[in-house]
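In case it helps, my numbering puts the sequence shown at residues 39 to 285.
C-beta: ideal position from N, C-alpha, C; glycine also.
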Amino acid sequence: MRKVFSKPNSMKDTVTHYCPGCGHGIVHRIICEVIDELGIREKVIGIAPVGCAVLAYDYWDFDVTEAAHGRVPAVATGIKRVNPENIVFGYQGDGDLAAIGTAETVHAANRGENITIIFVNNAVYGMTGGQMAPTTILNQKTSTTPLGRDRKTHGFPLKVCELLSVLPGVSYAERVSVHSPAHVLKAKKAIKKSFQNQIDGFDFSVVEVLSPCPTYLGMTPEKAVKWIDETMSKVYPLGRFKDRGKE
């Protein structure tokens, strides 16, 4: 019988620690599929964040290091500059990238570092108890905004792709989602392009991935993906914000 589906070579055979319906596992697999297809497994170095994906190296069968909270772009910059032949990517959540790590993100992007950042946006802090994140949308209820996020008190949600795409050092910025099979395929295409851009010598690339967090959205997995489609993606529109390779 012809095999039509299997585990990527770059992914370990490990039982997941993620909650049911979490999107991290999907994104992990996409990254592994892309690395296998590009044939860069022996050249890749990933940087895991502080957050729900702090144990990403338990799933990836290639070189991965850890960074202090929010410092993924800084660590990626150092590794890439010392080893320019390697393909270096950071994997970050909304707290790691858009809160404590905002400065590192903005300055690495503005310098045009030849690295790739995969940003998983689930609109809430998943590891620490479901608190409001920089990406929590208006009126969304969290453990620290029980009445919903209020713009006068908490400000507006931070739109990372829109923010970074105006910087001259950014070559590629795209927002995708993993809330349906069709969108998973689009997410894989975007992530593959971000790696190819680095291989081709382009500047900073970022792919933002809208991902469900049923546990702290207080929803079933089915309702969580529906929420992304009907609510979250209206605040964070999907699409390509910048592609210097096509300019």
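Residue i vs residue j beta-carbon contact at 9 Å
| i | j | result |
| --- | --- | --- |
| H66 | A91 | yes |
| T253 | G186 | no |
| G84 | V158 | no |
| N124 | R79 | no |
| V273 | V247 | no |
| V204 | T173 | no |
| L202 | V144 | yes |
| W98 | C57 | no |
| L196 | A136 | yes |
DSSP state of residue i mapped onto helix, strand, coil
| i | result |
| --- | --- |
| C178 | The sequence shown places Gln at residue 178, not Cys. Correct three-state label for Q178: coil. |
| I229 | helix |
| I117 | helix |
| A137 | coil |
| S243 | strand |
| E129 | Note on residue identity: the sequence assigns Tyr, not Glu, to residue 129. Y129: strand per DSSP, three-state reduction. |
| V222 | helix |
Nonlocal neighbours in the same chain, by C-beta distance under 6 Å from residue i, ignoring five residues either side
| i | result |
| --- | --- |
| D241 | G150, G207 and S209 |
| V245 | I156, E212, A228, I229 and S232 |
| N148 | L205 and G207 |
Among the options, the one whose alpha carbon lies nearest that of residue i
| i | options | result |
| --- | --- | --- |
| G8 | D238, S218 and Y274 | An answer regarding residue 8 cannot be provided, because it is not within the stretch 39 to 285 covered by the chain. |
| Q130 | G168, T183 and S249 | S249 |
| N235 | K224, R282 and W265 | R282 |
| V162 | I266, D51, R40 and G277 | I266 |
| A220 | I73, L276 and R40 | L276 |
| V216 | K179, K190 and A262 | A262 |
| L76 | P259, D238 and N177 | D238 |
| D74 | C251, K226 and F194 | K226 |
| G22 | F194, S181, G193 and R278 | With the chain covering only 39 through 285, there is no way to say anything about residue 22. |
Contacts around residue i, its chain only, beta-carbon distance under 7 Å, and the 5 residues preceding and following it disregarded
| i | result |
| --- | --- |
| T54 | G63 |
| D134 | P87, V88, G89, H107, G108 and V110 |
| S33 | There is simply no residue 33 to check, as the chain begins at 39 and stops at 285 in what is shown. |
Buried/exposed call for residue i, threshold 16 Cβ in 10 Å
| i | result |
| --- | --- |
| D132 | buried |
| V42 | exposed |
| S44 | exposed |
| R120 | Sequence check: residue 120 is Val here, not Arg. Flag for V120 reads exposed. |
| K280 | buried |
| M170 | buried |
| G128 | buried |
Close-in-space but distant-in-sequence residues of the same chain around residue i (CB under 8 Å, 5 per side omitted)
| i | result |
| --- | --- |
| D101 | V82, I83 and G84 |
| K118 | N124, V126, E151, N152 and I153 |
| P259 | P58, G59, P250 and P252 |
Chain D contact for residue i (CB, 9 Å cutoff)
| i | result |
| --- | --- |
| V65 | No chain D appears in this structure, which consists of one protein chain only. |
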